[in-house]
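To keep things clear, I will list the structure first and then write my remarks on it.
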Amino acid sequence: MGETQEALQFITDQARRLLTEQATPERLKALLDEAGGFDRELWTKTAELGWCAAAIPEEQGGIGLGWEALCQLSEVLGEFTVSLPLLPNTLLANTLIAAGEGDGDVCTRLLSGEAVATLAITDRGAAGIPAAPAARFGDGRLSGAKAVAPFAAVADFALVSASADDGVAILLVDLGAEGVTREVVNVIDNGRAMAQLSFANTPATRLDGGEGARLLSQLACAAAVVTAFEQVGGARIALDMAVAYAKERKVFGQAIGAFQAIKHNLANMYASIEVARGCALDAMAQLEAGSPALVPYAAAARVGASKAYDFAGKECIQIHGGIGATWEYMPHHYYRRARSLALELGAPSYWRDLLVDNVHMMAEGY
Amino acid sequence: MSNAEERDHLDDYLKNARAWLAEHAPKYSGAARKGLTLAQDRDLGRQWQTLKSEAGYAAITLPREYGGGGGSEAEKIIFANEEAKYDLPVEYFGVSLGMPVPMLLKYGTPEVVADLVPKAIRGEQIWCQLFSEPAAGSDLAAVTTKATPDGDGWRINGQKLWTTWAQFSDWGVAVVRTDPNVAKHAGLTYFYVDMHAPGVEVRPIRKLAGESEINEVFFNDVYIPDSYRMGPVGGGFKVAIETLMIERYSVSSETMGGVGVDYLLKLATEATINGRPAIEDGEVRAFLADTVIERQGLRNIFRRAMEDIAHGREPGPEGSIRKLLMSVRRQNLALLAMDVLGPQALIHRAGGDAQADATLAWIESAPYRIAGGSDEILRNTVAEKVLGLPQDHRPDKGIPFNKIG
Chain P
1 MGETQEALQF ITDQARRLLT EQATPERLKA LLDEAGGFDR ELWTKTAELG WCAAAIPEEQ
61 GGIGLGWEAL CQLSEVLGEF TVSLPLLPNT LLANTLIAAG EGDGDVCTRL LSGEAVATLA
121 ITDRGAAGIP AAPAARFGDG RLSGAKAVAP FAAVADFALV SASADDGVAI LLVDLGAEGV
181 TREVVNVIDN GRAMAQLSFA NTPATRLDGG EGARLLSQLA CAAAVVTAFE QVGGARIALD
241 MAVAYAKERK VFGQAIGAFQ AIKHNLANMY ASIEVARGCA LDAMAQLEAG SPALVPYAAA
301 ARVGASKAYD FAGKECIQIH GGIGATWEYM PHHYYRRARS LALELGAPSY WRDLLVDNVH
361 MMAEGY
Chain F
367 MSNAEERDHL DDYLKNARAW LAEHAPKYSG AARKGLTLAQ DRDLGRQWQT LKSEAGYAAI
427 TLPREYGGGG GSEAEKIIFA NEEAKYDLPV EYFGVSLGMP VPMLLKYGTP EVVADLVPKA
487 IRGEQIWCQL FSEPAAGSDL AAVTTKATPD GDGWRINGQK LWTTWAQFSD WGVAVVRTDP
547 NVAKHAGLTY FYVDMHAPGV EVRPIRKLAG ESEINEVFFN DVYIPDSYRM GPVGGGFKVA
607 IETLMIERYS VSSETMGGVG VDYLLKLATE ATINGRPAIE DGEVRAFLAD TVIERQGLRN
667 IFRRAMEDIA HGREPGPEGS IRKLLMSVRR QNLALLAMDV LGPQALIHRA GGDAQADATL
727 AWIESAPYRI AGGSDEILRN TVAEKVLGLP QDHRPDKGIP FNKIG
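Those sequence lines, one after another, are chains P and F.
Residues 1 to 366 in the working numbering are what the first sequence spells out, letter by letter.
Residues 367 to 771 in the working numbering are what the second sequence spells out, letter by letter.
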């Protein structure tokens, strides 16, 4: 095992240990019960362990473990249905670094976890990620509304897409600035710290260097790949819970897991999760390599993982029977999280479209 | 070898295999096979097999002294993948070299191995596997073909079914019942048999698409010496399972010989549905996306398994979903492609290439979901072996075979 692999193993083992201890059902349920729920205490703890800087290069003040670290940590978060803004913090920090702002105060605070970021690239009334966002940017000011976004309820900074005269603009917005409205709304998965943001003549800093469309696609794809791991992690636990219950629960004199209607459903869940994992791993390799063909791989990972998680989430409840549909049991956390992750970055139907349009970019053969 | 050295070695191996195939394969594939009878095609295959054996590309994992390649599992998979890109007459030797011959290497006497294994590897002789019966398919241990002691040997009576290439086979391996008074798994014994012996009768079966590689085989008082026994009396089920485990990672084209993503994509771009390009149809797009996702996921699983095999590690259990997904996909993809083609897709061009003909791909696809583990059995296998769920209820468990109702 190489040094990086050992460090990755260390950080994910540490993450599983910590979350086993911290992510108790009581705590997760409390978060679900209030709109905009966020576990600030856990965030601070993990920030101290360097999780939000794991993927950032060492020369930029990070730990230098690459996208793989963020992907693996996200998988662990997914397993525990824990929501921490590792992804938006990394994406915003990366974007700032690329824009030459890596030494600034914002980037430093994002990497230390002192500040929280949110990614606001979806619009109200649009299923996907709009190439021409409804929000407008001009003369250093942003106006308009974005769709509900995770961590927007607690974020200090937002990475926002908007339309400018010369095309898409990617903006850094200080959410403490004038004209920002943050509406915390009740959602199906309140553990995501969701809010919908709108801006009225809010000061914003452009970060795309005139390459807004390319940067938007890059951000969306990177987010899709990392999120795919979170989805696979969650789906896998939903499957594990269903398997464990199917072995233990007896009806008509035998464990329900002996019935083919149950067994085959579980086998199908397993198959869809392993397909999704394969897609996610290949997409991660493309992301890590900075491949120009990232779009279809990211789209395959996103759609595959969204489908696998939705499938595992709903069948996990089904296999549990009535008890699976209670507040007390855990399956509904996964059922909710599956839907939330499937929609936050634009619906699977949007990504499916991207996949079909770009399938020719994928490698031939193995 | 270090990881890097191993990778370099396999890269070189791939390069050489590609060059060798580019030089030799065209003379034995595609147009060279057009218009041949099945027997002529088999003979062309024998020549190809001999050529491969001389170059070390036949039975790559078997010892060089018998005409094999003396190579690794990884090399075998790499070569098979490249070879599958040509339409070569290799199907006659798949079963032969895949299962019976490795078993013979393990259980045969040195003299028998030295005599028969090289002939099989060079394609001069073909072996078949006599497992399934009319009432024993998924439930292999239910076989009723029996062997009764006769002097120094055994007399075999009964019927085998779905035996691939039995009509061309010189030898076969068979699982038969030697003791009906014990539980069904315990009363079986594994033998090899001479397919030219008196009393062996082979009848080809015409499959739904007209192909006839499968047969029923009747044994009428067929005598075999006890030296043809492989493993102990009563140990046949264990040996049979060993046989089925040999092919750790089955190699086949991604489309299982049917039409694939590229075919459907091209078709959907050219065809129209009610005046609009078929590629804009929601069902077509959704199916294409699903297919690409599944293909990508399985490619990754395959590559990881290759890595594991190359480093002598057991591949993960996720490979067990491959055959299930690919055979279901093959059928559905062909069906949708036919929808896009419309009524003209009803024209059946027998003898064509199913990789370029949706109709052929569709009609031939049905048995792929049954042979080598039906969808249902494969889902059971994933559920039981991978997820650890309980076995199905088996009312015949532990009951002597002759008492099962």
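We put the beta carbon where it would ideally sit given N, CA and C, even for glycine.
Leaving out the 5 sequence neighbours to the left and right, which residues in its chain are closer than 6 angstroms to residue i when beta-carbon positions are compared?
i        : result
P:Leu42  : Gln22
F:Asp453 : Ser395 and Gly396
P:Pro296 : Leu355, Asn358, Val359, Met361 and Met362
P:Ser143 : Arg136, Phe199, Ala200 and Asn201
P:Gly324 : Ile317 and Pro331
P:Val226 : Leu70, Cys71, Ser74 and Leu87
P:Gly50  : Ile63
F:Lys418 : Ala424
P:Glu58  : Gly64
P:Ala276 : Val232, Gly304, Ala305 and Ala308
F:Ala575 : Ile729 and Glu730
For the alpha helix (DSSP H) that contains residue i, what are its first and last residues?
i        : result
P:Arg214 : Gly212 to Glu248
P:Cys52  : Element bounds for P:Cys52: n/a, residue is neither H nor E.
F:Lys550 : Neither: F:Lys550 is in no alpha helix (DSSP H) and is coded neither H nor E.
F:Arg430 : Premise fails: F:Arg430 is in no alpha helix (DSSP H) and is neither H nor E.
P:Ala267 : Gln260 to Glu288
For the beta strand (DSSP E) that residue i lies in, which residues bound it at each end?
i        : result
P:Gly144 : Arg141 to Ala149
F:Ile580 : Ile580 to Pro591
P:Trp327 : Element bounds for P:Trp327: n/a, residue is neither H nor E.
P:Asp174 : Gly167 to Asp174
P:Gln196 : Ala195 to Pro203
F:Val539 : Trp537 to Arg543
I believe residue i touches residue j by the beta-carbon criterion, under 8 angstroms. Please report the beta-carbon distance rounded to the nearest angstrom.
i        : j        : result
P:Gly37  : P:Asn190 : 5 angstroms
F:Ile772 : F:Ala425 : Here chain F comprises residues numbered 367 to 771, so residue 772 of chain F is not present and cannot be evaluated.
P:Arg182 : P:Leu171 : Contact flag wrong, Cβ pair sits at about 16 angstroms.
F:Ala777 : F:Ala727 : Shown here, chain F extends from 367 to 771; a query on residue 777 of chain F therefore has no answer.
F:Ala440 : F:Leu376 : 6 angstroms
Do residue j and residue i count as a contact pair if the criterion is CB distance below 9 angstroms?
i        : j        : result
P:Ala55  : P:Leu31  : no
P:Thr118 : P:Ala158 : yes
F:Ser593 : F:Val467 : no
F:Thr511 : F:Trp520 : no
P:Ala120 : P:Ala152 : yes
P:Gln231 : P:Ala308 : yes
P:Lys204 : P:Val173 : The amino acid occupying residue 204 of chain P in the given sequence is Ala; Lys does not appear at that position. Against a cut-off of 9 angstroms, the Cβ pair of P:Val173 and P:Ala204 comes out as a contact.
F:Leu753 : P:Ala267 : yes
F:Thr657 : F:Arg695 : yes
F:Arg665 : F:Glu620 : yes
F:Tyr423 : F:Ala385 : no
F:Gln413 : F:Gly489 : yes
P:Leu65  : P:Leu110 : no
F:Ile687 : F:Pro681 : no
P:Gly125 : P:Gly346 : no
P:Gly104 : P:Asn89  : no
F:Gly553 : F:Gly600 : yes
P:Gly234 : P:Gly2   : no
F:Asn523 : F:Asp481 : no
So, at 8 angstroms on beta carbons, what are the nonlocal neighbours of residue i in its own chain, with the 5 sequence-adjacent residues on each side left out?
i        : result
P:Gly176 : Asp156
F:Ala398 : Pro392 and Leu410
F:Val461 : Trp493, Cys494, Gln495, Thr530 and Trp531
P:Ser217 : Val295
F:Glu448 : Leu380, Ala383, Arg384 and Leu387
Under 7 angstroms Cβ to Cβ from residue i, same chain only, skipping five residues before and after it: list those, please.
i        : result
F:Ser740 : Ser504
P:Arg192 : Ser83, Pro150 and Ser340
P:Cys107 : Ala93, Leu96, Ile97 and Glu101
P:Ala99  : Leu207 and Gly209
F:Glu684 : Ile667
P:Ile188 : Arg336, Arg339 and Ser340
Please tell me whether, using a cut-off of 8 angstroms, the distance from the CB of residue i to the nearest non-hydrogen atom of the ligand SAM is below it.
i        : result
P:Ile121 : With respect to small molecules bound, the structure shown includes none, and the ligand SAM cannot be examined in it.
Tell me, please, whether the CB atom of residue i is closer than 9 angstroms to any CB atom in chain B?
i        : result
F:Ala655 : Considering every chain present, this structure includes no chain B. Its protein chains are P and F.
Report task. Taking 8 angstroms as the threshold, find out whether the segment 667 to 676 of chain F comes into contact with the segment 242 to 259 of chain P through three or more Cβ pairs. Result -> No, the segment 667 to 676 of chain F is not in contact with the segment 242 to 259 of chain P.
**Report entry** Inter-stretch contact (C-beta, 8 angstroms, three-pair minimum) for the segment 564 to 581 of chain F and the segment 519 to 534 of chain F
**Finding:** Pairwise C-beta distances place the segment 564 to 581 of chain F in contact with the segment 519 to 534 of chain F, as three or more of them are shorter than 8 angstroms.
Query - Contact the segment 651 to 662 of chain F vs the segment 350 to 357 of chain P: 3+ CB pairs below 8 angstroms - result: Contact between the segment 651 to 662 of chain F and the segment 350 to 357 of chain P is present: 3 or more CB-CB pairs across the two stretches fall below 8 angstroms.
Report task. Could you tell me whether the segment 493 to 501 of chain F touches the segment 534 to 544 of chain F, where touching means 3 or more Cβ pairs closer than 8 angstroms? Result -> With a cut-off of 8 angstroms, the segment 534 to 544 of chain F and the segment 493 to 501 of chain F count as touching, because enough Cβ pairs lie within range.
Query raised in the report: Counting Cβ pairs closer than 8 angstroms, one from the segment 286 to 300 of chain P and one from the segment 257 to 275 of chain P, do we hit at least three?
Result: In short, these stretches do not touch, since the Cβ pair count stays below three.
Requested in this report: Examine the Cβ distances between the segment 435 to 446 of chain F and the segment 697 to 705 of chain F and report whether three or more of them are shorter than 8 angstroms.
Outcome: Touching, no, given that fewer than three Cβ pairs across the two stretches are closer than 8 angstroms.
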